[in-house]
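What follows is a set of notes on a single structure, which appears directly below.
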Amino acid sequence: MTDPQPESLVKRLARYGIHPAKPYGQHFLLDRHYLGKLIEPPELAEVRTILEVGPGPGNLTELLVNTGTNVISVEIDERFARLLTDRFGQAANFRLFQGDILAKGGLNPEVTALLRERWDRPWALVSNLPYQVGTVVIVEVLHLPVRPAVVCVMVQREVAARLAAKAGGKDYSALSVLAQAYMEVRRLAVVPPGAFWPPPKVDSAIVKMTARPEAAVRDPAGFRDMVNLMFQHRRKTLRSGFLGRLGTDLRRRYEQAFEEMGIDPAKRAEQLDIYDFIGLGNRIAALGGGGCSDAEPQ
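Read in our numbering, the sequence shown has 172 at position 155, and its numbers run on one by one without any break.
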């Protein structure tokens with residue numbers, strides 16, 4: 018495949034009356050080296066379905082379809098949906114969903130239904146993710162009933178830093194915990210703005226995530242609520258910023274769990290590592306659970 022140049026891409030888009038739309042965060046990856054990085058992980062050889070979000074003109078889609086793996090591409094922009102249909106509509110392993118990847122409360126249920134048809138075999142998320150929805154898409158995908166075996170995505174560099182951050186670091190966040198509780202995270206490359214057209218104003222990065230074989234979060238929904246609430250006041254201690262938000266019964270369960278696990282409530286959330294969070298979430302589930310989503314408002 019030759020490197021698609023901005024001039025040739027502009028001509029192709031002009032035939033469909035397309036100009037990049039800022040509301041959709043459209044920055045098209047042109048550089049062949051970085052396109053190749055997205056399909057480089059050897060673990061992708063084991064998957065049978067790939068979900069692509071925001072394919073745009075199809076530069077990455079072409080590489081994915083050529084692997085012979087089943088590809089489900091989700092494109093919100095109907096202009097690009099027409100272009101993609103013309104380019105790949107005859108490919109037996111290509112399926113296009115024209116619509117939003119997200120819906121109220123999570124992933125679009127129609128997209129989830131397409132994936133569910135293939136959940137009996139390993140699947141992957143491989144995408145140059147639109148900046149506006151990248152973080153949300155990653156979190157929602159990792160909370161599906163059957164998680165992907167591999168995630169290889171282009172995101173903003175700062176998002177990549179948060180995904181891979183370790184406890185105590187400045188980038189360590191709820192996103193770090195929610196990703197690493199289920200996946201091993203590795204940054205593959207930093208991608209400069211010049212690799213895209215039109216170029217974004219920030220650097221991007223390619224991140225690979227592979228499923229942790231030992232991942233054992235007993236109550237994913239409760240775990241997610243707990244982690245998000247703990248990081249809402251990351252500079253406060255767990256006692257004042259987290260326990261203080263809980264109702265009496267749930268607070269007592271957490272105080273018991275802290276004591277049993279040897280977690281000092283004078284610590285901050287950013288000082289707990291992934292295994293502290295997993296252990297705490299599982300202990301709360303064993304004590305009868307209790308969602309942090311109904312924490313007392315302040």
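Note that beta-carbon positions come from the ideal geometry of N, C-alpha and C, so glycine has one too.
Taking 7 Å as the limit between beta carbons, can you name the residues of its chain near residue 101, skipping five residues before and five after? 72, 75, 78, 90, 92 and 113
Assigned secondary structure, residue 129 (DSSP; H/G/I helix, E/B strand, else coil): helix
Tell me the rounded alpha-carbon separation between residue 171 and residue 144. Those two C-alpha atoms are separated by around 6 Å.
Does the stretch 214 to 225 come within contact of the stretch 176 to 191, defined as at least 3 CB pairs closer than 8 Å? yes
Tell me the residue span of the alpha helix (DSSP H) that contains residue 78. That run of the alpha helix (DSSP H) goes 76 to 83.
Out of 97, 66, 61 and 67, point me to the one whose CA is closest to residue 45's CA. 97
Which stretch, first to last residue, makes up the alpha helix (DSSP H) that contains residue 193? 191 to 197
In angstroms with no decimal places, state the Cα-to-Cα distance between residue 274 and residue 218. 45 Å
Cα-Cα, which of 51, 82 and 50 is closest to residue 65? 82
Just mark residue 278 as buried or exposed, buried being the case when its beta carbon has 16 or more other beta carbons within 10 Å. exposed
Anyone know if the C-beta pair for residue 239 and residue 295 falls short of 9 Å? no
Alpha helix (DSSP H) runs wholly inside the stretch 161 to 188, at least 4 long, in chain order: 174 to 181
Alpha carbon to alpha carbon, how far is residue 88 from residue 69? Give it in angstroms, no decimals. 7 Å
Output the residue ranges of the alpha helix (DSSP H) runs that lie fully inside the stretch 28 to 71 and measure 4 residues or longer, sorted by chain position. 49 to 55
Among 182, 120 and 132, which has the Cα closest to the Cα of residue 153? In terms of CA proximity to residue 153, 120 leads the group 182, 120 and 132.
According to DSSP, which residues form a beta bridge with residue 208? 221
Around the Cβ of residue 303, are there at least 16 other Cβ atoms within 10 angstroms (buried) or fewer (exposed)? exposed
Residue 99 and residue 33 - do their beta-carbons sit closer together than 9 Å? Result yes, Cβ atoms of residue 33 and residue 99 sit closer than 9 Å.
Would you give the residue range spanned by the alpha helix (DSSP H) that residue 238 belongs to? 237 to 247
Close beta carbons around residue 284, own chain, < 7 Å, minus the five adjacent residues each side: Cβ neighbours of residue 284 beyond the five flanking positions: 254 and 255.
Got a sec? Which residues, its chain only, sit under 6 Å from residue 247 by beta carbon, not counting five neighbours each side? 259 and 286
Expressed to the nearest angstrom, what Euclidean distance is found between the alpha-carbon atoms of residue 117 and residue 125? 7 Å
Quick one: Cα of residue 173 to Cα of residue 237, how far? Distance from the CA atom of residue 173 to the CA atom of residue 237, rounded to whole angstroms, is 26 Å.
For residue 233, the nearest candidate out of 199, 245, 191 and 211 (CA to CA): 199
Compute the distance between the beta-carbons of residue 195 and residue 150, then report whether it is under 9 Å. no
Enumerate in chain order the residues of its own chain whose CB-to-CB distance from residue 185 is below 8 Å, with the five nearest sequence positions on each side excluded. 287 and 288
N-terminal and C-terminal residue of the alpha helix (DSSP H) that residue 299 is part of: Counting along the chain, the alpha helix (DSSP H) containing residue 299 begins and ends at 291 to 303.
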